[in-house]
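Read the structure below first, then the notes.
2 protein chains.
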Amino acid sequence: MSLSHILLGLLEKPQSGYDLRQAFEGGAAHYWTAELSQIYPALKKLETAGHVTSTEVASQKGPSRKVYERTESGRDELVAWIRTGPAESASRLAYVGQVEFAHVVDDLAVTSRLIETLEVSFGSLHDLLVEVEADLRQQTRTSQVLHELLAVRLGLVTLRGRLEWCDDARKLLKDAS
Amino acid sequence: MSLSHILLGLLEKPQSGYDLRQAFEGGAAHYWTAELSQIYPALKKLETAGHVTSTEVASQKGPSRKVYERTESGRDELVAWIRTGPAESASRLAYVGQVEFAHVVDDLAVTSRLIETLEVSFGSLHDLLVEVEADLRQQTRTSQVLHELLAVRLGLVTLRGRLEWCDDARKLLKDAS
DNA sequence: AGTCACTATATAACTACTTATATAGACGTC
DNA sequence: GACGTCTATATAAGTAGTTATATAGTGACT
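Residue numbers (my numbering), protein chains in the order written: chain A, 1 to 177; chain B, 1001 to 1177.
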């Protein structure tokens, strides 16, 4: 389950469940979203596991808020997740969270390794799609072939963008170290 | 549920559940994956709904295969799904399937409308991230800010790629009509 | 005074998805 | 001939995620 990990990452600052959903809407939306009905039970589970603690805070508008804070154990769990690197079968883009929260590891080499791993998997998917596209180009341009070509090209531009990003990321990391 | 719709789209040619999984691995993987344990019940459900029919075919290697075929009603269901356009909250990229299978609608105007809708939603997410990036650029370059910047840029290159694709797709459609 | 929108938490019911396991024939190889 | 791998279908158990609904206070508009 990586929603828990994403929540632990977002808890760099103590926040309520409601706040955390705002975080998903503003910025994090490009790689992950979650409903409140999923966030509240997830926070409760993290609390029982000892990865977060909660304190009730009176609010000027609406009911009192429950503000969650990451514990040492929570930080350890987050670090462990980031160190494992991206899962091969990631239908959701949890690896973006791993990159975003990698600063808690306090070791840029971990970030570099993450990027290298991603580059390999982006690369092989890209190569596969290049072949599929070449195949489609040789077929007579029926409506079906045209639409398949559109779908494949969407994959290609996305992967080309991500590969460019790997390059860019390496440069940023070199400048930083 | 759009796995059913994706399966209906892939059933342009009659195929078995096993074949359909291969399709997810070869090419469709960039926007959707599904395990066999999810595909088999989904096909059964489609059969009860009358959207597909199955015929048992003896196989030279291994056990006999169950080959599924899309019915008229299945085609109607697929067309209806494509006509509704992309869902706003699409954590998985089902809209790529809508583009890929749009040829069954047999009306390029539908494809054009799909692309226009996508361009709007890609655009607004892109604009949001541009603002977030500008914000981060002004902050002192701590490790945390660097990692947030990396995550935001990954989103940006992805969205820039997709916006380029919208342009490209419009041109391809113009040439085709 | 009534309605709407926003902050805030919570749960029930449902749907989707993953992981593990069982079965079974064909083919290759050690 | 024992083992591994590939084709092929299927189900059980568990986890993740969505949709609907309830509750409740605040502020703004009508």
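Glycine is no exception: its CB is placed at the ideal position from the N, C-alpha and C atoms.
For the options B:Val1152, B:Asp1106 and B:Ala1080, the alpha carbon positioned closest to that of Phe24 (chain A) is the one of B:Val1152.
Using beta-carbon distances, Asp127 (chain A) does not count as an interface residue toward chain B, since no partner is under 8 Å.
For Ser1112 (chain B) and Glu100 (chain A), the gap between their C-alpha atoms comes out near 35 Å. Around the beta carbon of Tyr1018 (chain B), fewer than 16 other beta carbons sit within 10 angstroms, so the residue counts as exposed. When secondary structure is reduced to three states using DSSP, Glu56 (chain A) falls in the strand class.
Between Glu69 (chain A) and chain B, the shortest Cβ-Cβ separation is not below 8 Å.
The beta carbon of Asp1168 (chain B) sits closer than 8 Å to some beta carbon of chain A. Taking the beta carbon of Gln38 (chain A) as reference, no residue of chain B falls within 8 Å; the closest one sits roughly 11 Å away. Around His1051 (chain B), no beta-carbon contact reaches into chain A at under 8 Å, the shortest distance being about 20 Å. For a Cβ distance threshold of 9 Å, nothing in chain B lies close to Ser2 (chain A): the least Cβ distance comes to about 13 Å.
With respect to chain A, the C-beta atom of Ala1102 (chain B) has a partner C-beta closer than 8 Å. Taking 8 Å as the threshold, the shortest C-beta distance from Arg160 (chain A) to chain B falls below it. At a C-beta separation below 7 Å, Ser91 (chain A) has these neighbours in chain B: Thr1033 and Arg1092. Of all alpha-carbon atoms in B:Arg1070, B:Val1130, B:Arg1021 and B:Gly1026, the one lying nearest the alpha-carbon of Gly1009 (chain B) is that of B:Arg1070.
CA-to-CA, the gap between Ser1037 (chain B) and Ser1002 (chain B) works out to about 16 Å.
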